[in-house]
Structures are given as C-alpha cells and as structure tokens.
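A.B. asks: Please find one structure pasted underneath; my questions will follow.
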Amino acid sequence: MNLNIGVIKGDGIGPEIVTEAMKVLDQVGKTYGHTCDYTQLLMGGASIDVHGVPLTDETVAAAKSCDAVLMGSIGGDAKTSPWYQLEPSKRPEAGLLRIRKELNLFANLRPAVLYDELKGACPLKEEITKGGFDMMIMRELTGGLYFGERRTVEENGVMTAYDSLTYNEEEIRRIAKRGFDIAMKRRKKVTSVDKANVLDSSRLWRKVVEEVAKEYPKVTLEHMLVDNCAMQLVKDPKQFDVILTENMFGDILSDEASMVTGSIGMLASASLNETKFGLYEPSGGSAPDIAGKGIANPIATILSAAMMLRFSFDLDKEADAIEQAVSRVLKEGYRTIDIMSEGKQQVDTEKMGNLIAGYIK
Ligand code: IPM
Ligand code: MG
Numbered sequence: 001m002n003l004n005i006g007v008i009k010g011d012g013i014g015p016e017i018v019t020e021a022m023k024v025l026d027q028v029g030k031t032y033g034h035t036c037d038y039t040q041l042l043m044g045g046a047s048i049d050v051h052g053v054p055l056t057d058e059t060v061a062a063a064k065s066c067d068a069v070l071m072g073s074i075g076g077d078a079k080t081s082p083w084y085q086l087e088p089s090k091r092p093e094a095g096l097l098r099i100r101k102e103l104n105l106f107a108n109l110r111p112a113v114l115y116d117e118l119k120g121a122c123p124l125k126e127e128i129t130k131g132g133f134d135m136m137i138m139r140e141l142t143g144g145l146y147f148g149e150r151r152t153v154e155e156n157g158v159m160t161a162y163d164s165l166t167y168n169e170e171e172i173r174r175i176a177k178r179g180f181d182i183a184m185k186r187r188k189k190v191t192s193v194d195k196a197n198v199l200d201s202s203r204l205w206r207k208v209v210e211e212v213a214k215e216y217p218k219v220t221l222e223h224m225l226v227d228n229c230a231m232q233l234v235k236d237p238k239q240f241d242v243i244l245t246e247n248m249f250g251d252i253l254s255d256e257a258s259m260v261t262g263s264i265g266m267l268a269s270a271s272l273n274e275t276k277f278g279l280y281e282p283s284g285g286s287a288p289d290i291a292g293k294g295i296a297n298p299i300a301t302i303l304s305a306a307m308m309l310r311f312s313f314d315l316d317k318e319a320d321a322i323e324q325a326v327s328r329v330l331k332e333g334y335r336t337i338d339i340m341s342e343g344k345q346q347v348d349t350e351k352m353g354n355l356i357a358g359y360i361k
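In structure tokens:
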C-alpha cells in the first residue's frame, strides 16, 4: 500500500520527534511492504517565519490532498518569541485552529493510559492507581468557545471582551455518536461531561447525548459536571472509560488526564472527520525550553503514527507492531529523561527512535 502522508514538523521539539516517528513508519513500511510518501507542510511558527502567516491556503489544500497528516507540535515561548508580538489571529495557534476547522476535524481522541512500566512516574498514590487505568477522552474540536464570535470593545470607557459558546444539536449528535462508537470497542461506558447546572449549551448537550444513548443500549451512560470530573480524575481515574465532552472542557481535562498518567510524553492523539482522514499529533506541546537538545520523548508521536495506521489506513497489524515495539523498549528499561527513574537506562530522542524502529517485527 502507498501511504500519502502530510507531515507538519512544526516548532520547538516538533522536528525532532517527528523525525523519529517517520523513521519508525519507514521501518514498518519495509517490514510490511508499504511505501510512505511524505509531503512536508508548514504550519505555526515555522510557517510565520517563511510566509508571515501560521497557515496558508496552499498548505490547507496540500493537507486535504493527503490521506492523513502527522504533526509534531506548534508554538513557541509566549514571553520571548516574536511570533507572540503578532495579533492573535496571526500567531502559531491560529494555524492549528484553522486547520482543524478547514478539515472539519471535529472528533479529537486523546487516550490517557497508565503504563505499567511507568507507574513510578505517576503522581497519584499507589492505592489509587493500583490495577492501572485506561481512558479515552473524546473531545469536540471544531465548536464551542474556540470558534464562537469574539471581540474586545470599549463600552462606556470600560474595556470589555466577549467570547461566545455555541453548539447546535447536529454538532453534539455527531461527536456523541463517535463517543458511543468508541465505547462499544472498549468497556462500554460513556461519561458525558458538561456544566448543565449553569450553561444552556450544556443542557442541550445532555439532552442530545441522551437521545444518542438510546441507539446504544449496551453502553452505560453517566453525566458528570466538569468541576466534579476534574476532581474525580485525581480521586478515582479507574472509573472512566470514555469521557465525552465539548471543546474547552476537553482541552482542560485532557491535560489533567495526561498529567495523572505521569507521562505526557507518551500520549498520542487523533483528530478525525467524517472520512478516513485524520490529523495525528502528540498530546504534549512544543516544549521550546528543551527544543534542539535532542532529549525530547518521541514516543507520543510514534504512538500517534500508530493511531494513524489504525484509523486512517486500517493497518491494525502494523499499528500493533509499533505499540509492541514501544512496550518492549520500555520493558527493557530504556527511558528518555522525562520518564527516567532509578536503575533505568537514559537515552536521547534519536536513540529511542532507533530502538523502537529496531524492534518492529
Ligand atoms: C491542545 C492545545 C490547543 C488547544 C492550543 C495550542 C490552541 O492546547 O491541542 O490541547 O487549546 O486546543
Ligand atoms: Mg490543550
């Protein structure tokens, strides 16, 4: 099979971690008889430096013509980078929001898994994490506060800013269906997270999710208020299977969920639309403070490449091979600095990529 993959290396540690993921993909190609054709795409700060904007129309068109896009990370240090002297609509993050919208990537899957081998890095007490946990956050990605009307105006001499949170029932229905579909392949539980005790958008969310739930009688649905969910994630993360939530809540809860695993450098993500196309990226950010040092953890990006093989190309065996290679490297005690602990062997970004590629079977 020929895989037509767009690659956004991006900013900060992006180029380093994507290079390792491409190495692993190439090895998968060799082992399983596929070829990977990469189209390099500029987005974020890297695009600002060349084109003056974080995403061009040409790049959007080029991304659309690929089967899937693998991405590193975008953005720099807001205090020191000249990108943040620009108006908000020209900053790196605006490129990411635009590509999500242009490609209609409304379903964002963020798995948060506690790896047995990395239990030591988990900040929660052992009595809480015993037995591990494995949840999937299904975050709506193209609606809500992120894309509502916004403006800053002076009203009677007082600066006032508006951001609006809008959802229509169709937007809620399509993400809810995705949430239930994925729950059917897992432990068949959906926790729908909202703020229905305050927000109208949440009350509509709850109503539509309940309607969708009727089509999935095998799935248990529960509703949880977002503030309670933030608490439950540290109190009892094992209770969660699929967390289904709107854009802003999902942004916040997914950072929290990844932190409680103790290994944000390990967590992949996929942003999907109605077709097989997807944008795959690590859950962590561009980490400008360690960029260029060769010490970033490439595993989240490598696992994102595995998600890409699974969701966009239906190559399950190949995706399994990547996940097994990652497990093996961890079992053998290799660690990048972010997940290092006593008695383990510390390796750099490139070595980690080489080890994983070497274990592809
Ligand atoms: C994420 C990020 C983005 C978001 C930023 C960079 C705009 O935090 O993917 O979670 O808020 O969606
Ligand atoms: Mg975020």
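Take 1 as the starting number for the sequence shown in the UniProt record's numbering and just add one per residue.
Glycine is no exception: its CB is placed at the ideal position from the N, C-alpha and C atoms.
Considering only their Cβ atoms, is the gap separating Ser65 from Leu55 smaller than 8 Å?
C.D. replies: Their beta carbons are not under 8 Å apart, which means Leu55 does not touch Ser65 by this criterion.
A.B. asks: How many angstroms separate the CA atom of Ser312 from the CA atom of Asp338?
C.D. replies: Distance between the alpha carbons of Ser312 and Asp338: 30 Å.
A.B. asks: When DSSP labels each residue in this structure, what does Thr220 get in the three-state scheme?
C.D. replies: Strand at Thr220.
A.B. asks: Per DSSP, which one or two residues make a beta bridge with Leu124?
C.D. replies: Answer is none; Leu124 lacks a bridge partner.
A.B. asks: I think Val50 touches Ile99, with their Cβ atoms under 8 Å apart; what is that distance to the nearest whole Å?
C.D. replies: Their Cβ separation, rounded to whole angstroms, is 16 Å, which puts Val50 and Ile99 out of contact at 8 Å.
A.B. asks: Name the DSSP bridge partner or partners of Met266?
C.D. replies: Bridge partners of Met266: none, in fact.
A.B. asks: With H, G and I counted as helix, E and B as strand and the rest as coil, what does DSSP make of Glu211?
C.D. replies: Glu211 falls in the helix class under three-state DSSP.
A.B. asks: Is Gly75 close to ligand 4? I mean its beta-carbon at under 7 Å from any heavy atom of the ligand.
C.D. replies: Only ligand 1 and ligand 2 can be found as ligands here, which leaves ligand 4 out of the picture.
A.B. asks: Looking only at its own chain, which residues have a Cβ that is under 7 Å from the Cβ of Arg187, when we skip the five neighbours before and after it?
C.D. replies: Within the same chain, Arg187 has close Cβ partners Asp241.
A.B. asks: Pairs of beta-carbons, one from the region 203-216 and one from the region 224-235, closer than 8 Å: are there three or more?
C.D. replies: With a cut-off of 8 Å, the region 224-235 and the region 203-216 do not count as touching, because too few Cβ pairs lie within range.
A.B. asks: On the three-state DSSP scale, how would you describe Lys317?
C.D. replies: In this structure, Lys317 counts as helix in the three-state DSSP scheme.
A.B. asks: Ligand 1: which residues have Cβ under 5 Å from any of its heavy atoms, chain order?
C.D. replies: Ordered along the chain, the selected set is Glu93, Asp251.
A.B. asks: Does the Cβ of Arg150 have 16 or more other Cβ atoms within 10 Å, making it buried, or fewer, making it exposed?
C.D. replies: Result: exposed.
A.B. asks: Comparing alpha-carbon positions, which option in Pro111, Gly75, Ala319 lies nearest Ala291?
C.D. replies: Per the Cα distances, Gly75.
A.B. asks: Compare the beta carbon distance of Tyr280 and Met307 with 8 Å and say whether it is the shorter of the two.
C.D. replies: A contact, by the Cβ cut-off of 8 Å.
A.B. asks: Could you tell me the distance, in whole angstroms, from the CA atom of Ser81 to the CA atom of Arg91?
C.D. replies: Going from the Cα of Ser81 to the Cα of Arg91 covers about 10 Å.
A.B. asks: List the DSSP bridge partners of Tyr38.
C.D. replies: Answer is Ile5.
A.B. asks: Express the C-alpha separation of Asp236 and Ser258 in angstroms, rounding to a whole number.
C.D. replies: The straight-line gap from Cα to Cα measures roughly 14 Å.
A.B. asks: Check the C-beta distance from Gly284 over to Ile264 and give it rounded, since I have them as a contact under 8 Å.
C.D. replies: The Cβ separation is near 5 Å, so the contact holds.
A.B. asks: In whole angstroms, what is the alpha-carbon distance linking Ile13 and Asp289?
C.D. replies: Rounded to whole angstroms, Ile13 to Asp289 spans 9 Å at the Cα level.
A.B. asks: Looking only at its chain, what residues have a beta carbon closer than 8 Å to the beta carbon of Gly29, apart from the 5 residues adjacent to it on each side?
C.D. replies: Contacts found: Leu3, Thr35, Cys36.
A.B. asks: According to DSSP, is Lys188 part of a helix, a strand, or is it coil?
C.D. replies: In this structure, Lys188 counts as coil in the three-state DSSP scheme.
A.B. asks: With a cut-off of 8 Å, do at least 3 Cβ pairs link the region 126-142 to the region 171-191?
C.D. replies: Yes, they touch.
A.B. asks: Where does Tyr167 sit, in a helix, a strand or coil, going by DSSP?
C.D. replies: Correct three-state label for Tyr167: coil.
A.B. asks: Rounded C-beta distance between Gly72 and Gly10? I'm assuming under 8 Å.
C.D. replies: Right, the Cβ-Cβ distance comes to about 4 Å (below 8 Å), so this counts as a contact.
A.B. asks: Would you mind stating whether Val105 and Leu272 have Cβ atoms separated by less than 8 Å?
C.D. replies: The amino acid occupying residue 105 in the given sequence is Leu; Val does not appear at that position. For Leu105 and Leu272, yes; Cβs fall inside 8 Å.
A.B. asks: Sort Leu124, Gln239, Val190, Lys351 by Cα distance to Pro298 and report the nearest one.
C.D. replies: Measuring from the Cα of Pro298, the nearest candidate turns out to be Lys351.
A.B. asks: Tell me the DSSP secondary structure of Pro237 in three-state form.
C.D. replies: Helix, per DSSP.
A.B. asks: With DSSP run on the structure shown, which of helix, strand or coil describes Met136?
C.D. replies: Residue state, collapsed to three classes: strand.
A.B. asks: Around the C-beta of Glu16, are 16 or more other C-beta atoms found within 10 angstroms, so that it is buried, or is it exposed?
C.D. replies: Answer is buried; the Cβ neighbour count reaches 16.
A.B. asks: Nearest by alpha-carbon distance to Ala196: which of Met159, Lys207, Lys344 is it?
C.D. replies: The option with the nearest alpha carbon to Ala196 is Lys207.
A.B. asks: Quick one: Cα of Ala357 to Cα of Glu155, how far?
C.D. replies: Straight-line Cα distance between these residues: approximately 59 Å.
A.B. asks: Would you mind reading off the limits of the alpha helix (DSSP H) that contains Ala300?
C.D. replies: Per DSSP, Ala300 belongs to the alpha helix (DSSP H) from 299-311.
A.B. asks: With a CB to CB cut of under 7 Å and the five nearest residues on each side skipped, what residues in its chain are close to Ala300?
C.D. replies: Cβ within range, chain order: Gly265, Met266, Leu267, Ala268, Pro282, Ser283, Gly284.
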